[in-house]
Ligand code: HEM
Ligand SMILES: [Cu+2]
Ligand SMILES: [Cu+2]
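Protein chains in written order, with our numbering: chain U, 1341 to 1523; chain C, 655 to 1203.
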């Protein structure tokens, strides 16, 4: 086999440059999406003590579910437990920015909303937060997607995306699936 | 000519050692494949026998641990001893230690298997603090890992001794790569070892009731990516040092091989945070940094694809193939190593493409913890890597038993079945994953319309799983038949590929690892220094330990 050693080296270097180029293009696309379109993973790093969730203010039972905050932001707070979401159904408006905040008093859970890019782990000790905007109306499935024990497979919540006109929170800003909660 | 009885004793000094390790690996593999098919049935709309959540997670734990820890560790040790003896052409040093490591691994494997089978360790192979299994589960795994550390020491010692006896000579590429893997493994296991020793085992013993879950996930991520490269190394060693020769050609560039293995050592470690993109305990900056380093790990793979393709082209042209693609047709596809390499590349193409999407930081949200991920790693690890394990076994066995395979046909059939099964199983998983099918589910509720629409795809993937199981059984039958084959083996020499231009002398940086160890340390400090330190600087609230039993 008579291939010149220099020719081999040259071809390898040329290919290495092509490979480097491909990787650079991919990285630039990701960087561009991150900086200009804010496509980032959920990373807000905020603590929540699993032992005192029920007694601290934000995630006490009365505070859970969807609420329009005084500043007009739509925020849904949900606790993931073995093996239930509380609440297990939330209402959100289509076409509007929504913030989902999760935490857990027990083990690791995770959620995704089927058919969307909403996805986060729920790690005890932390608040997991996702900003999104739902475009399709209807009931979407929000399963627990991380093994959390034997009941993991049954742990599913519903995200009810309603048209903006049908999103009518009560005077205190709250809105729930089914019956209105007592104020 | 030697009598069959003489030949059956084995022809390499370390035959028994290698066969013992490899048979343990493949026994675990076969059991795990059968469990895998049952899991597929359980997730499908069809009825599965003995179906319950507790059986499902017990099965997935056993399947994952067998495939990820037992098959791999024992096979890699077997292959390492094989390379040390055949590439260096010297006896494996420290055989007593090697056997001690083997029995340690067996004890650990049995302990772990019993813990899982008894239902006290359904925490999957990735562990789930603050979920806590029985302590025997963790201790068993520690024993397997400690056994593998002894193997690492033996590999390093074997290379040292050879270098001392052959001063200034380039270490054969197969051994250079094996030692790269051993060194990487020592680095890799540090993360999970810390998690086990300081968090999981004390928790399992009831010594502490609280655990910092962010820290444990971070330590596990340290191990989680590099461990995959530990599994992958034998396949790449076969690509570089066995496939070109099997194809009848030469290795295009020995130097490129060394550089690829060094890049794997460097870049497979500081990238583990990419498994935690969707986790709340790390901020965007470090996630981005590790995503950047992850992108660099694709470089050695793409270099390998080029070098091996070029080597195959040489072989094809030497066999008379011509034109732009004519050389592909003239390659000897009826040789298991050549066929396996070709099929491995096809699976690597699909799995690698999926991996680029997983890597993409923001896009990861689309696929994280869906069947897409299961599809990705079954293709890369169960597909590309394991099909090369088969080819390596087919290359090793005759040298271990002194008997040739009676016919290559059942071997080729087995490889084809594995490839077809893998594609049929994983392509539907990718599709349902994109639609949000989440993973690690004991049973899907097919009365839900969305889930029901996945039903047909799940059944197709089940068929792929059945084909895989048939292939696995045929694989074991092929190896077993070799032990009784009458066909004598002409030579025990292992056909490692020569490079087109074999290196005469090498700079010490391409013939040893001192420099590279320093660089790994630096990269790890950069990538993991602060992400780990933050748990001590600003400790998050801990979680209450949840015992399974
Ligand atoms: C007959 C062949 C196989 C079948 C039918 C099969 C099937 C499965 C199934 C159904 C799962 C559970 C997925 C879930 O619950 O989300 C699984 C998990 C897993 N498989 Fe396989 N598999 C096979 C071969 C392999 C091979 C060859 C490997 C690696 C060498 C492998 C490694 C794993 C691992 C590590 C897990 C655990 C994943 C997790 O914890 O999420 N499998 N497999
Ligand atoms: Cu859960
Ligand atoms: Cu779960």
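Built from N, CA and C at the ideal position, the CB exists for glycine as well.
Status (buried if at least 16 other CB within 10 Å, exposed otherwise) for residue i
i: residue 1353 of chain U; result: exposed
i: residue 1523 of chain U; result: Residue confidence is low: residue 1523 of chain U scores 38 on pLDDT, short of 50, so the model does not pin down where it sits. No coordinate-derived value is stated.
i: residue 891 of chain C; result: buried
i: residue 1505 of chain U; result: exposed
i: residue 866 of chain C; result: buried
i: residue 1460 of chain U; result: buried
i: residue 1358 of chain U; result: exposed
i: residue 818 of chain C; result: exposed
i: residue 904 of chain C; result: buried
i: residue 941 of chain C; result: buried
i: residue 997 of chain C; result: buried
i: residue 1196 of chain C; result: buried
i: residue 935 of chain C; result: buried
i: residue 1190 of chain C; result: exposed
i: residue 1323 of chain U; result: The first residue shown for chain U is 1341 and the last is 1523, placing residue 1323 of chain U beyond what the model contains.
CB contact below 8 Å: residue i versus chain C
i: residue 1345 of chain U; result: yes
i: residue 1478 of chain U; result: no
i: residue 1391 of chain U; result: yes
i: residue 1383 of chain U; result: yes
i: residue 1460 of chain U; result: yes
i: residue 1380 of chain U; result: yes
i: residue 1471 of chain U; result: no
i: residue 1401 of chain U; result: no
i: residue 1373 of chain U; result: yes
i: residue 1387 of chain U; result: yes
i: residue 1489 of chain U; result: yes
i: residue 1415 of chain U; result: no
i: residue 1454 of chain U; result: yes
Proximity test, Cβ basis, 8 Å: residue i and chain U
i: residue 936 of chain C; result: yes
i: residue 854 of chain C; result: no
i: residue 1178 of chain C; result: no
i: residue 933 of chain C; result: yes
i: residue 1100 of chain C; result: no
i: residue 705 of chain C; result: no
i: residue 1050 of chain C; result: no
i: residue 1023 of chain C; result: yes
i: residue 660 of chain C; result: Unreliable positioning characterises residue 660 of chain C in this predicted model, as indicated by a pLDDT of 46, which lies under 50. A coordinate reading is not provided.
i: residue 735 of chain C; result: no
i: residue 1093 of chain C; result: yes
i: residue 1096 of chain C; result: yes
i: residue 1190 of chain C; result: no
i: residue 923 of chain C; result: no
i: residue 970 of chain C; result: no
i: residue 1201 of chain C; result: no
i: residue 1155 of chain C; result: yes
i: residue 950 of chain C; result: yes
i: residue 894 of chain C; result: no
i: residue 669 of chain C; result: no
i: residue 1162 of chain C; result: no
Chain U contact residues for residue i, given Cβ-Cβ distances below 7 Å
i: residue 784 of chain C; result: 1447 and 1464
i: residue 1196 of chain C; result: 1465
i: residue 992 of chain C; result: Neighbours of residue 992 of chain C on chain U: none; closest Cβ ~18 Å, over 7 Å.
Chain C contact residues for residue i, given Cβ-Cβ distances below 9 Å
i: residue 1394 of chain U; result: Under the 9 Å cutoff, chain C gives no residues; its nearest Cβ is about 13 Å from residue 1394 of chain U.
Closer than 7 Å at the beta carbon, the chain C residues around residue i
i: residue 1404 of chain U; result: The premise fails here: residue 1404 of chain U is roughly 18 Å from chain C at the closest Cβ pair, so nothing lies under 7 Å.
i: residue 1493 of chain U; result: 707, 1095, 1096 and 1097
i: residue 1440 of chain U; result: The premise fails here: residue 1440 of chain U is roughly 12 Å from chain C at the closest Cβ pair, so nothing lies under 7 Å.
i: residue 1457 of chain U; result: 1019 and 1020
Within chain U, the residues that residue i reaches when beta carbons sit closer than 9 Å
i: residue 709 of chain C; result: None at all; the shortest Cβ gap to chain U is about 10 Å.
i: residue 1027 of chain C; result: Ordered by position in chain U, no residue passes the 9 Å Cβ test against residue 1027 of chain C, which lies about 10 Å from the chain.
Exercise for the section: Decide yes or no for the touch test of the segment 1034–1041 of chain C against the segment 954–973 of chain C: beta carbon pairs closer than 8 Å, at least 3 of them. Expected result: The way I'd put it, the segment 1034–1041 of chain C doesn't touch the segment 954–973 of chain C; fewer than three beta-carbon pairs between them come closer than 8 Å.
Practice task
Determine contact between the segment 1091–1101 of chain C and the segment 1179–1198 of chain C, defined as no fewer than three beta-carbon pairs at a distance below 8 Å.
Solution key: Too few Cβ pairs lie closer than 8 Å, so no.
Practice task
State whether the segment 1128–1137 of chain C contacts the segment 876–886 of chain C, with contact taken as three or more CB pairs (one from each stretch) at a distance under 8 Å.
Solution key: No contact exists between the segment 1128–1137 of chain C and the segment 876–886 of chain C.
Exercise for the section: Quick one: residues with CB closer than 7 Å to any heavy atom of ligand 2, in chain order, please. Expected result: Here the list is U:1420, U:1422, U:1423, U:1449, U:1484, U:1486, U:1488, U:1492 and U:1495.
Problem - At least 3 beta-carbon pairs within less than 8 Å: the segment 834–850 of chain C vs the segment 868–880 of chain C - result: Below 8 Å, enough C-beta pairs join the segment 834–850 of chain C and the segment 868–880 of chain C to call them touching: three or more.
Practice task
Mind the definition here: the segment 1436–1453 of chain U touches the segment 1418–1427 of chain U only if three or more C-beta pairs lie below 8 Å; say whether that holds.
Solution key: Counting C-beta pairs with one atom in each stretch, the segment 1436–1453 of chain U and the segment 1418–1427 of chain U have three or more that are closer than 8 Å, which means they touch.
Exercise for the section: Report yes or no: do three or more beta-carbon pairs, one from the segment 1407–1416 of chain U and one from the segment 965–980 of chain C, lie closer than 8 Å? Expected result: The answer is no - the segment 965–980 of chain C does not touch the segment 1407–1416 of chain U, with fewer than three Cβ pairs under 8 Å.
Exercise for the section: Report yes or no: do the segment 714–724 of chain C and the segment 765–780 of chain C share at least 3 C-beta pairs separated by less than 8 Å? Expected result: Yes: at least three Cβ pairs fall under 8 Å.
Handout entry: Sufficient close CB pairs (3 or more, under 8 Å) joining the segment 1136–1153 of chain C to the segment 1048–1060 of chain C
Key = Contact between the segment 1136–1153 of chain C and the segment 1048–1060 of chain C is present, because at least three Cβ pairs lie under 8 Å.
Practice task
Evaluate the contact criterion for the segment 1119–1129 of chain C versus the segment 1065–1075 of chain C: three or more CB pairs, one atom per stretch, below 8 Å.
Solution key: With a cut-off of 8 Å, the segment 1065–1075 of chain C and the segment 1119–1129 of chain C count as touching, because enough Cβ pairs lie within range.
Problem - the segment 694–711 of chain C contacting the segment 752–760 of chain C, beta-carbon criterion three pairs below 8 Å - result: Under the 8 Å Cβ criterion, the segment 694–711 of chain C does not count as touching the segment 752–760 of chain C, having fewer than three qualifying pairs.
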